[in-house]
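Enquirer:
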Amino acid sequence: MLRGVLGKTFRLIGYTIQYGCIAHCAFEYVGGVLMCSGPSMEPTIQNSDIVFAENLSRHFYGIQRGDIVIA
1 MLRGVLGKTF RLIGYTIQYG CIAHCAFEYV GGVLMCSGPS MEPTIQNSDI VFAENLSRHF
61 YGIQRGDIVI A
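Each residue of the sequence shown is one higher than the one before, counting from 1 in the UniProt record's numbering.
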């Protein structure tokens, strides 16, 4: 009985670590949801607007005139 409970616990921990790593890589390398702060991009993007930032196009197309760059 203890062996079964420990096995399920370790399996759950393993899945949690796996999915955590996948989520980290997705947000770090693919993109993520951000809240903009500050008036620097007004009137295009207002203070506290929520935007989706993706990181892939800069690798394929480079940064071009008219792109919004988030630092």
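The beta carbon of each residue, even a glycine, is placed where N, CA and C say it ideally should be.
Between GLY14, ILE50, ALA26, ALA71, which lies nearest to LEU56 when the distance is taken from Cα to Cα?
Expert: Out of GLY14, ILE50, ALA26, ALA71, ALA26 has the C-alpha closest to the C-alpha of LEU56.
Enquirer: DSSP three-state call for ALA53: helix, strand or coil?
Expert: Of the three classes helix, strand and coil, the one that applies to ALA53 here is strand, per DSSP.
Enquirer: Would you report the Cα separation of VAL51 and MET35, rounded to the nearest angstrom?
Expert: Roughly 6 Å between the two C-alpha positions.
Enquirer: Quick one: what's VAL5 bridged to in DSSP?
Expert: Answer is none; VAL5 lacks a bridge partner.
Enquirer: My understanding is that GLY38 touches GLU54, with C-beta atoms under 8 Å, so please give their C-beta distance in whole angstroms.
Expert: That belief does not hold up - the Cβ atoms of GLY38 and GLU54 are roughly 21 Å apart, past 8 Å.
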